[in-house]
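Residue numbers (full-length UniProt numbering): 1 to 288.
Report on the structure given below.
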Amino acid sequence: MNSLPVEVKRHILGYCNIADITRLAQTSTALNSIACDYIQHRLHLLTMPFFDNVGTLMGLLRSCDAVVSGSCVLHLMLPANETPWVSTDLDIYVSSCQLTYLSVLLEREGYVVMHQCSVEAGPYGSSSICSVVSFSNMHRSIDVIVSSTVAAVSPIFEFHSTAVMNFITADNIFCAYPMLTLELMSMVNAGPLYFEAFGFRTMCALEKSMPRSIIDCHGLWINISNMRRVSLVPAEVFESLGFIDLIWVLGGYVCGSLYPFVRAQCFLIEDDSHELLGRQFLGSEELT
């Protein structure tokens with residue numbers, strides 16, 4: 001495979017999902033280089049409409065403990081040649097305490113604020129999004145989703161489907177439900193549909209009630225620089241994202257409950273030194 005032109009190598013890997021590429025990267029040094037080149041190429045295609053290079057985006061994420069999530073990350077994880085849709089948006093998630101700094105960095109890249117709005121709980125029942133700020137450089141727009149907690153990723157685990165519970169940090173790619181997502185499957189909380197005014201009621205979705213952690217063995221962490229599957233410890237999560245751990249429970253239908261649908265729950269464990277009194281918080285609620 002080494003003798004093939006770069007374009008041919010990339011086309012071949014375009015039939016592999018990100019887990020397949022990671023496994024391939026561990027078989028030899030040569031294939032690791034090919035896999036790393038391919039992922040950098042995919043990241044370049046993701047970044048190119050918005051910034052001059054991948055390094056600019058990764059620098060923004062690193063400086064602000066921010067992440068990229070949404071359809072563009074899902075597209076990156078799936079086989080490019082077998083994914084019929086193309087993502088054209090860029091969603092950056094950041095905590096409220098880092099929004100000002102991120103805004104300054106985006107303005108340096110030629111972006112200006114076009115619109116800002118507060119977000120109510122809405123159909124997701126989410127309490128972790130406090131606002132959405134839209135930036136534009138007159139050619140492309142970027143949506144910045146502002147988390148009400150110190151964790152930029154909190155809102156991601158309160159969405160309606162496991163298919164979008166993925167994100168990119170400055171160093172890693174994360175997929176919360178790889179066994180489902182990479183097989184084009186997901187678990188869905190039907191609650192938002194139930195309460196939307198669509199004129200009909202959907203069937204009750206089954207609730208998968210087992211709590212999950214961002215550092216448990218079921219998620220997929222991939223280091224971008226060497227394409228290795230990694231296991232992050234709390235100290236590494238804190239260095240990358242600014243908190244110790246995040247635990248979530250999917251929403252859904254609860255048998256026998258007076259209130260049929262429950263929203264997804266997201267519990268954040270902060271660094272003990274975040275406040276002078278050393279208090280810990282779960283989500284936006286203080287632990288007592």
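Cβ atoms here follow ideal geometry from the backbone N, Cα and C, with glycine treated the same way.
It should be emphasised that the depicted structure is a prediction, and the values quoted were computed from it without experimental measurement.
- DSSP, reduced to helix, strand and coil, places asparagine 17 outside both helices and strands of the structure shown, so it counts as coil.
- The Cβ atoms of cysteine 266 and phenylalanine 174 do not sit closer than 8 angstroms to each other.
- Judged by beta-carbon spacing, asparagine 166 lies within the 8 angstroms limit of methionine 77, meaning their Cβ atoms are closer than that value.
- Leucine 246 places its beta carbon less than 8 angstroms from that of alanine 151.
- Between leucine 268 and the set Ile215, Thr27, Thr83, Val133, the nearest pair of CA atoms involves Ile215.
- The three-state reading of DSSP puts valine 133 in strand, counting E and B together.
- Glutamine 116 counts as exposed, since fewer than 16 other C-beta atoms from the protein chains shown sit within 10 angstroms of its C-beta.
- Per DSSP, the continuous alpha helix (DSSP H) segment holding glutamine 40 begins and ends at 29-47.
- Per DSSP, reduced to three states, the secondary structure at leucine 76 is helical.
- Across the structure, cysteine 130 and threonine 29 are spaced so that their CA atoms are roughly 45 angstroms apart.
- With the rule of 3 Cβ pairs closer than 8 angstroms, the region 227-240 does not count as touching the region 136-146.
- Sixteen is the threshold: since fewer than 16 other Cβ atoms of the shown chains lie within 10 Å of the Cβ of cysteine 217, the residue is exposed.
- Counting the other Cβ atoms within 10 Å of the Cβ of methionine 227 gives 16 or more, which makes it buried.
- Taken in chain order, the unbroken stretches of beta strand (DSSP E) that lie wholly in the region 93-125 and span 3 residues or more are 112-118.
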